Amino acid sequence: MRKTVLACAVPATAIKRILLATLLCSYVLLIMSCQPNNRTEFIAAPVSNSIQPGNRGIEIDTIRLDSINTSSFGDSFIFSDRLVFVDKHFCTLSFFNEEGKFLSTKLGQGGGPHETQIGRIAAASKTEDNQLLLFGYNLDFYLYDLKEIKLNKSFILKHAPTKDAELSYLSPFIYTNQYDDMVFRVFDKSVYFNIYAEHPDFNILANPRGFLEQSRHIREVNVKKQTSGRLLAAGYPDSYMKDPSKHVILSGTSFDIDNQGNFYVNYDTDSLIYVYDHDYKPIATFGYQGQEMNTDYLAISSPQESRKNYRSERTNKGYYYWIEYVNETKTLFRSYQKNDSRDGMQIYKDNTLIEDIEVPKGLRVMGYIAPYYYSYIIPKMEEEDNSLIVYRFKLNSTSSNH
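The opening position of the sequence shown corresponds to residue 971 in the working numbering, with each subsequent residue numbered one higher.
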């Protein structure tokens, strides 16, 4: 049996409309494929919170370090049970014992093997194999043997971005290093530091939703290969999405890395702490809001408003400004701003909040020399007294289970 096929003539005008519609759809699909997706790239483990009330009677001692010639602008770390102050302007390393007694000063500007030509130090970090990595303001890195204070390696991170790469949120070239509150951590053969975006076409004011969903916050540089690595910490938590204009000024990130390579990530105004493994896969999410925090953040709608209110917002509003994991005791510390005269500090053990105490302004835990936890070294900043000081305290068995 033969089948009969009926053919219908299609008017030329209809064919033109079909072709135009097809071309238009293809164009729209092409444009959409070139844009970042509209879903946030922020990832996190489910929230799991617990509190184990501890003994609130932690006593914090203030140790005044022996007087040295210093700019008072610096960083610090612990090396072989000694406190080391890194003067970022003078480029010196000053060593003190745990009671603040001055021992020696090393490094300094110069061309010798035990000196540095860095100019000014942006950040410093002790490595796992007892070397010191210094970071300059021109993406320059200097690796020193800490025992002999001798230069082992130096390099400048070079790049040749294309025009397209410069405009991609996946490119490191549109990000700025977070020098004001820089975190600088070395793990394995790489270093990690916090970054933020202020590109004219990619920032929280120009494109709030895209910025909050796609921007990166941690940059990786492979020191061994002297090359750029991953861009980590994509997007922001949900708390930032509700009213982006109130997070323009307080949109920074801090983090720490434990000796297993796990990341502990903290966002300025978010009460949660996010934990990831070294491949940046979510492990845990926990955390509580600090006490007596002023969270009435000012809505900002322009760069002019941001510049005008930047100092007052960061001085008067509550936010979480530092996080530190102490490997020796497996204890996590998070510092936050409370008011003009005092700050707060939360202490977590096994993802459980065991303390939330009031601490002196600017106290950030640096490390551990048994039986004390030590803060980063800071200037006293009193009238006619810029002495360097360090805070220290113990955690008794009730609060730390040690």
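Glycine is no exception: its CB is placed at the ideal position from the N, C-alpha and C atoms.
Note that this is a predicted model, so its numbers are computed, not measured.
Check                                                                                                                                                                                    : Outcome
To the nearest angstrom, report how far apart GLU1069 and ILE1033 are at their CA atoms.                                                                                                 : 7 Å
Grab the span of the alpha helix (DSSP H) containing GLY1199 for me, first residue to last.                                                                                              : Counting along the chain, GLY1199 falls outside any alpha helix (DSSP H), though it belongs to the beta strand (DSSP E) covering 1197 to 1202.
In the DSSP assignment, find the unbroken beta strand (DSSP E) run with GLU1275 in it and report its ends.                                                                               : Taken as a continuous stretch (DSSP letters only), GLU1275 belongs to no beta strand (DSSP E), being part of the alpha helix (DSSP H) at 1273 to 1286.
Specify the secondary structure class of GLN1184 as computed by DSSP and reduced to three states.                                                                                        : helix
Heavy atom of the ligand MG less than 7 Å from the Cβ of ASP1031, yes or no?                                                                                                             : Among the components modelled here there is no ligand, and therefore nothing to report on the ligand MG.
Which term fits TYR1149, buried or exposed, when burial requires 16 or more other beta carbons within 10 angstroms of its beta carbon?                                                   : exposed
Do the segment 1203 to 1222 and the segment 1170 to 1187 meet, that is, are 3 or more Cβ pairs less than 8 Å apart?                                                                      : yes
Run the CB neighbour count on PRO1142, radius 10 Å, all protein chains shown included, and call it buried at 16 or more, exposed below.                                                  : buried
Give every residue of the same chain whose Cβ lies closer than 8 Å to the Cβ of ALA1120, excluding the five residues on either side of it in the sequence, and list them in chain order. : One point to set straight first is that residue 1120 is Lys, not Ala, in the sequence displayed. For LYS1120, where only same-chain residues beyond five positions count, the Cβ hits under 8 Å are PRO1083, HIS1084 and TYR1114.
Let me make sure I understand the geometry here. Which of ASN1232, ARG1334 and GLY1222 has the alpha-carbon closest to that of ILE1317?                                                  : ARG1334
What does a CB cutoff of less than 8 Å around TYR1361 pick up in its chain, not counting 5 residues either side in sequence?                                                             : ILE1030, ASP1031, THR1032, ILE1033, VAL1329, PRO1330, LEU1333, TYR1344 and SER1345
Could you give the DSSP three-state label for ARG1179: helix, strand or coil?                                                                                                            : helix
Could you spell out where the alpha helix (DSSP H) holding ASP1158 opens and where it closes?                                                                                            : Here ASP1158 belongs to no alpha helix (DSSP H), and DSSP marks it neither H nor E.
Distance, Cα to Cα, ALA1167 vs ILE1144?                                                                                                                                                  : 6 Å
Give the C-beta separation of GLU1046 and LEU1053 to the nearest angstrom, bearing in mind that I take them to be a contact with Cβ-Cβ under 8 Å.                                        : Note that residue 1046 corresponds to Ser in the displayed sequence, not to Glu. Their Cβ separation, rounded to whole angstroms, is 7 Å, which keeps SER1046 and LEU1053 in contact under 8 Å.
Does the pairing of the segment 1299 to 1314 with the segment 1267 to 1276 give three or more beta-carbon distances under 8 Å?                                                           : no
Classify PHE1143 as helix, strand or coil using the three-state DSSP reduction.                                                                                                          : helix
Give the straight-line distance between the Cα atoms of LYS1096 and THR1040, rounded to the nearest whole angstrom.                                                                      : 21 Å
Could you say which of GLY1044, ILE1293 and THR1255 lies nearest to SER1020 if we only look at CA atoms?                                                                                 : THR1255
Take the Cβ of LYS1159 as the centre, count every other Cβ of all protein chains shown within 10 Å, and call the residue buried at 16 or more, exposed below.                            : exposed
Using only the alpha-carbon positions, how far apart do ALA1198 and LEU1103 sit?                                                                                                         : The residue you asked about is not Ala; residue 1198 is Ser in the sequence shown. Taking the straight line joining both Cα atoms gives about 16 Å.
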